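A.B. asks: Those protein sequences? They're chains A and B, same order as listed.
For the first sequence, my numbering assigns the number 13 to the initial residue and increments by one for each residue that follows.
For the second sequence, my numbering assigns the number 13 to the initial residue and increments by one for each residue that follows.
The C-beta atom is built at its ideal place from N, Cα and C for all residues, glycine as well.
Remember, it's a predicted structure, so these values are computed and weren't measured experimentally.
Shown below is the structure under consideration.
There are 2 protein chains.
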Amino acid sequence: MSGKLPDFDLSGFLPYRLAVAAQHVSAGLAGLYRNRFGISVAEWRVLVHLMDSGEVSVRELGQMVSLEKSKASRAATRLAEAGLIEKTENEADRRLVSLSLTDQGRALMAELLPLAIEFQNQLEARLAGHMAALNAALDRLMEEKP
Amino acid sequence: MSGKLPDFDLSGFLPYRLAVAAQHVSAGLAGLYRNRFGISVAEWRVLVHLMDSGEVSVRELGQMVSLEKSKASRAATRLAEAGLIEKTENEADRRLVSLSLTDQGRALMAELLPLAIEFQNQLEARLAGHMAALNAALDRLMEEKP
DNA sequence: TTGACTTCGTTGCAGATGCAACGAATAATC
DNA sequence: GATTATTCGTTGCATCTGCAACGAAGTCAA
Chain A
13 MSGKLPDFDL SGFLPYRLAV AAQHVSAGLA GLYRNRFGIS VAEWRVLVHL MDSGEVSVRE
73 LGQMVSLEKS KASRAATRLA EAGLIEKTEN EADRRLVSLS LTDQGRALMA ELLPLAIEFQ
133 NQLEARLAGH MAALNAALDR LMEEKP
Chain B
13 MSGKLPDFDL SGFLPYRLAV AAQHVSAGLA GLYRNRFGIS VAEWRVLVHL MDSGEVSVRE
73 LGQMVSLEKS KASRAATRLA EAGLIEKTEN EADRRLVSLS LTDQGRALMA ELLPLAIEFQ
133 NQLEARLAGH MAALNAALDR LMEEKP
């Protein structure tokens with residue numbers, strides 16, 4: 013019959029808590045731009061990174077903003093089709109694709125960024141004094157491999 | 013003509029940081045059981061919740077462990093096919109399905125739980141003194157709607 | 001130069017995902 | 001009791017996802 017299963021509280025289990033919190037926050041943010049601008053989380057990351065990095069390859073994108081290369085590639089394709097970024101062949105190394113914001117993309121970001129900054133400010137306000145500690149903890153979690 | 017785009021640092025943007033950290037930790041945990049036991053994150057959550065909740069409906073499952081009802085339903089179906097849980101019709105309300113662990117499921121959890129507990133302990137060790145602060149911050153994030 | 005390796009970005013594919021719609025069962029309203 | 005609403009779990013479907021495999025381009029070594 014029922015054996016000696018140890019006690020276990022899922023709601024206190026850190027991987028679970030992190031996943032739920034991240035999903036919760038991400039949904040709140042996505043609500044700001046998904047319906048109004050029709051871009052996904054991956055596309056958002058690509059746009060933000062292009063904003064202050066000039067020309068970037070798909071591979072760099074992947075490692076800089078934590079996107080699978082196929083995900084980064086598809087996000088870039090969609091953004092290019094939407095006219096928000098431009099894909100050009102890198103002349104020095106023709107394996108590489110140079111991605112850069114178009115004027116239209118820049119205009120979109122000019123609308124989008126204030127919303128994101130405001131969202132971050134609301135989060136900080138909600139966190140009150142816990143913001144620094146949260147960031148320190150997240151840094152710790154990212155430090156090592158597993 | 014680069015316009016007046018505000019400065020924005022994605023790597024300091026909380027929704028992004030949370031998503032990356034959650035993904036990182038979750039991948040570490042999943043490595044413990046995905047290959048060795050062949051269960052997914054959703055299935056893991058279902059098993060854990062059934063462990064100390066006895067008989068549960070799919071709907072309760074969904075709200076208790078943050079799973080879409082279709083996701084919960086499919087996870088339950090897979091677990092039942094694998095013989096780890098049992099699905100019975102609730103007699104009082106025949107719309108409901110009662111889920112419960114089988115002996116085989118209980119045996120699996122007896123193997124799995126120590127690994128999860130050990131994983132949590134490693135996380136706590138890595139976080140050193142930051143654990144309490146992290147939990148407090150996560151609570152804050154979950155408090156309100158967005 | 002030639003041939004073996006590596007790197008880059010894309011794509012095929014199988015599985016996962018979320019939403020909406022569905023049938024069945026129950027509740028509510030009259 | 002009959003009709004309408006609501007709830008539950010499942011499923012169809014379009015999309016997303018990650019992985020592996022691929023061709024093209026570049027590097028390295030003999």
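Which residues in chain B sit within 8 Å of residue 32(A), going by Cβ to Cβ distance?
C.D. replies: If you number the first sequence from 1, residue 32(A) lands on position 20. Here the neighbours are 78 and 154.
A.B. asks: Would you list the residues sitting across from residue 93(A) in a DSSP beta bridge?
C.D. replies: For the purposes of this step, residue 93(A) is identified with residue 81 of the first sequence, where counting begins at 1. Beta-bridge annotation (DSSP): residue 93(A) is not paired with any residue.
A.B. asks: Is it the case that the segment 143 to 152 of chain B contacts the segment 20 to 38 of chain A, given that we only count it when at least three CB pairs across the two stretches are under 8 Å?
C.D. replies: yes
A.B. asks: To the nearest angstrom, how far is the alpha carbon of residue 150(B) from that of residue 140(B)?
C.D. replies: Position 138 of the second sequence, counting from 1, holds the residue named residue 150(B). Position 128 of the second sequence, counting from 1, holds the residue named residue 140(B). When rounded, the distance between both Cα atoms is 17 Å.
A.B. asks: Between residue 182(B) and chain A, is any beta-carbon pair separated by less than 8 Å?
C.D. replies: It is not possible to answer for residue 182(B), since the shown part of chain B is limited to 13 through 158.
A.B. asks: Using 8 Å as the threshold, is the segment 45 to 57 of chain A in touch with the segment 65 to 81 of chain B, meaning 3 or more CB pairs across them?
C.D. replies: no
A.B. asks: Do residue 37(B) and residue 153(A) have their C-beta atoms closer together than 8 Å?
C.D. replies: Numbered from its first residue, the second sequence carries residue 37(B) at position 25. Numbered from its first residue, the first sequence carries residue 153(A) at position 141. Yes.
A.B. asks: Can you list, in chain order, the residues of its chain with a C-beta nearer than 8 Å to that of residue 68(B)? Leave out the 5 residues immediately preceding and following it.
C.D. replies: As a first step, residue 68(B) is located in the second sequence; it is residue number 56 there, counting from the start. Non-local beta-carbon contacts of residue 68(B) in its own chain, meaning distances under 8 Å to residues more than five positions away in sequence, involve 61, 62, 76, 110, 111 and 112 in chain order.
A.B. asks: Would you report the Cα separation of residue 72(A) and residue 117(B), rounded to the nearest angstrom?
C.D. replies: Start at 1 with the first residue of the first sequence, and residue 72(A) comes out as number 60. Start at 1 with the first residue of the second sequence, and residue 117(B) comes out as number 105. Going from the Cα of residue 72(A) to the Cα of residue 117(B) covers about 44 Å.
A.B. asks: Can you pull the chain A neighbours of residue 129(B), defined as C-beta to C-beta under 8 Å?
C.D. replies: Here residue 129(B) refers to the residue found at position 117 when the second sequence is read from its first residue. Going along chain A in sequence order, the residues near residue 129(B) (Cβ under 8 Å) are 18 and 20.
A.B. asks: Following a CB-centred definition, is residue 79(A) positioned closer than 7 Å to any heavy atom of the ligand GTP?
C.D. replies: Among the components of this structure there are no ligands whatsoever, and the ligand GTP is therefore not found.
A.B. asks: Here's a check: name, in chain order, each residue in its chain whose Cβ is nearer than 6 Å to the Cβ of residue 74(B), leaving out the five neighbours to either side.
C.D. replies: Translated into the one-based positions of the second sequence, residue 74(B) becomes position 62. Around residue 74(B): 81 and 84.
A.B. asks: In this structure, what does DSSP give as the bridge partners for residue 100(B)?
C.D. replies: Counting from 1 along the second sequence, the entry for residue 100(B) is found at position 88. 110(B).
A.B. asks: To the nearest angstrom, how far is the alpha carbon of residue 122(B) from that of residue 43(A)?
C.D. replies: In the second sequence, residue 122(B) corresponds to position 110, counting from 1. In the first sequence, residue 43(A) corresponds to position 31, counting from 1. Spanning the two alpha carbons is a distance of roughly 41 Å.
A.B. asks: Look up residue 77(B) in the DSSP assignment and give the residues it is bridged to.
C.D. replies: By one-based count along the second sequence, residue 77(B) stands at place 65. DSSP lists no partner for residue 77(B).
A.B. asks: Write down the C-beta distance between residue 59(A) and residue 22(A) rounded to the nearest angstrom, noting that I regard them as a contact closer than 8 Å.
C.D. replies: On the first sequence, residue 59(A) is found 47 positions in, with the first residue counted as 1. On the first sequence, residue 22(A) is found 10 positions in, with the first residue counted as 1. About 36 Å separates the Cβ atoms of residue 59(A) and residue 22(A), ruling out a contact at the 8 Å cut-off.
A.B. asks: If we ignore side chains and look at the alpha-carbon of each, how far apart do residue 48(A) and residue 106(B) end up?
C.D. replies: Position 36 of the first sequence, counted from the start, is the residue given in the question as residue 48(A). Position 94 of the second sequence, counted from the start, is the residue given in the question as residue 106(B). The alpha-carbon atoms of residue 48(A) and residue 106(B) are separated by roughly 42 Å.
A.B. asks: So which residues of chain B does residue 138(A) contact, with C-beta pairs closer than 8 Å?
C.D. replies: Here residue 138(A) is taken as the residue at index 126 of the first sequence, counted from 1. Residues of chain B passing the Cβ test: 152, 153, 155 and 156.
A.B. asks: Check whether the Cβ atoms of residue 125(B) and residue 45(B) lie closer than 8 Å to each other.
C.D. replies: Taking the second sequence and counting its residues from 1, one reaches residue 125(B) at position 113. Taking the second sequence and counting its residues from 1, one reaches residue 45(B) at position 33. Using a Cβ distance threshold of 8 Å, residue 125(B) and residue 45(B) do not count as a contacting pair.
A.B. asks: Using 8 Å as the limit for Cβ to Cβ distance, is residue 46(A) near chain B?
C.D. replies: Translated into positions along the first sequence, residue 46(A) becomes position 34. No - not a single Cβ of chain B is within 8 Å of the one on residue 46(A).
A.B. asks: Could you check which residue in 88(B), 30(B), 137(B) and 129(B) has the C-alpha nearest to that of residue 20(A)?
C.D. replies: Sequence index remark: in the first sequence, residue 20(A) carries index 8 (1-based). Per the Cα distances, 129(B).
A.B. asks: Using a Cβ-Cβ distance cut-off of 8 Å, determine whether residue 110(B) contacts chain A.
C.D. replies: Counting from 1 along the second sequence, the entry for residue 110(B) is found at position 98. Cβ-Cβ to chain A under 8 Å: no for residue 110(B).
A.B. asks: Given that a residue counts as buried once 16 or more other Cβ atoms are within 10 Å of its Cβ, and exposed if not, what is residue 132(B)?
C.D. replies: Taking the second sequence and counting its residues from 1, one reaches residue 132(B) at position 120. Buried, by the Cβ-count rule.
A.B. asks: Using 8 Å as the threshold, is the C-beta distance between residue 30(B) and residue 39(A) below it?
C.D. replies: Reading the second sequence from its first residue, position 18 is the one you call residue 30(B). Reading the first sequence from its first residue, position 27 is the one you call residue 39(A). For residue 30(B) and residue 39(A), no; Cβs fall outside 8 Å.
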